[in-house]
Structure formats: structure tokens, C-alpha cells
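Written below as C-alpha cells is the structure these notes are about.
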Amino acid sequence: MSIIEIARDQGTNPLDVVEHMAAGHNWPFERAGEDEIAIVVTGRWTNYQISFTWMSEIEALHLACAFDMRVPEPRLSEVQQLVALINEQLWVGHFDVWMQNGVVMFRHALLLPGGVAASGRQCEAVFGAALDACERYYPAFQFVVWAGKSAREAMDSAMFETSGEA
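Taking our numbering, I'd label the letters of the sequence shown as residues 34 to 199.
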């Protein structure tokens, strides 16, 4: 047995770390199996359904963060343009539109090769990147889907930052 195989056998499931993180924040979660955990988090704009999946074959902890927004067929092209504009701004992770059901989601992965154990800080960082991106760009998706705005108009409004208080 190689050192890598021994490390894998002794390593903990990274989802145990995620479960501990969710419990520590009192977020509702459900362990859907040995390789998946689903967490619900209330954000400023909506509730986010966050799924962590341990993909042992590629040694990656995958995060998918979806929100309750279905993209109707007539707005799909504009939403895809918005996704491209948003993804140009992101340093980690990316947005996708799942064509079969029109759901927008943020995805990211934490690589853990060779039996490397996930830390709480790493899981919090991946989770934080997802929540930050979703909170920042959710209104832009709403502008395109519900207000009929163009991707460029929605992106300009999402990038607008205020300073001070009214």
C-alpha cells in the first residue's frame, strides 16, 4: 500500500467538516448520503440551497449554490450573456444555467489531491465565495429575468456601488 492510499484510508470525509460548519452556524442541513450534504442559508435577497458533494474519483469537494429563479425560455439568451459578463469578474467559481430546468447556480470546487484533508477555513472560504457572489449578482439576474433588462444594463447596476448613507 502506498503512502497516498494509507492517507486516504485514514483521512476524514470532507463532508464531515462541512457538516460541522453548518451545525456551528445553526443552518438547516441534510446529509443526503455519504457523499453529499445540502444546506439552506437565508441571504439578503433569497434563500440559497447549497450542496456540497465529495467527488472521490477526482478528489474534489464540489459546491453548487442555487436560488429559486427559473429562467423562462424567452430570457435564456440574455441570462447566458449576463452569466458570461459576471464570470469575467469572478476570480474563483463560476455561474451556470442548467438548460434542462432553467436554474441559475454558482459552482466551485476545492481540490484535495492525495488524501489532503479539508479544513474548516477552506470550507468556509468556498462557502463564503459562493454566498458573496450570489448576493452580489442576484439582483442582476432579477433585472434580466423579471424586469426585461439587457445583460449589460443588469451588469452595470450590479457593479454600481454606493458610499455613505442617505
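Each residue gets a CB set at the ideal place from its N, CA and C atoms; glycine is no exception.
| Asked | Found |
| --- | --- |
| Count the other CB atoms within 10 Å of the CB of residue 121; is the residue buried (16 or more) or exposed (fewer)? | exposed |
| Write down the C-beta distance between residue 190 and residue 174 rounded to the nearest angstrom, noting that I regard them as a contact closer than 8 Å. | Wrong, their Cβ atoms sit about 11 Å apart, outside the cutoff. |
| Please determine if the region 105–116 and the region 141–153 are in contact, where contact requires at least 3 C-beta pairs separated by less than 8 Å. | no |
| Is residue 50 near residue 153, with beta carbons less than 8 Å apart? | yes |
| May I ask you to report which of helix, strand or coil DSSP gives residue 82? | strand |
| If we call anything under 8 Å between Cβ atoms a contact, is residue 102 one with residue 137? | yes |
| I need the DSSP call for residue 91, collapsed to helix, strand or coil. | coil |
| Between the alpha carbons of residue 184 and residue 118, how many angstroms are there, rounded? | 8 Å |
| With DSSP run on the structure shown, which of helix, strand or coil describes residue 109? | helix |
| For a test of the three-state rule: what should DSSP assign to residue 123, helix, strand or coil? | coil |
| Report buried or exposed for residue 65, applying the criterion of at least 16 other Cβ atoms within 10 angstroms of its Cβ. | exposed |
| Within 10 Å of its beta-carbon, does residue 88 have 16 or more other beta-carbons around it, so buried, or fewer, so exposed? | exposed |
| Would you tell me roughly how many angstroms separate the C-alpha atoms of residue 83 and residue 168, rounded to the nearest one? | 13 Å |
| Where residue 151 and residue 85 are concerned, what is the direct C-alpha to C-alpha distance, given to the nearest angstrom? | 12 Å |
| What ranges does the alpha helix (DSSP H) occupy inside the region 43–67, keeping only unbroken runs of at least 4 residues that lie completely in it? | 47–57 |
| Can you tell me whether DSSP reads residue 117 as helix, strand or coil? | helix |
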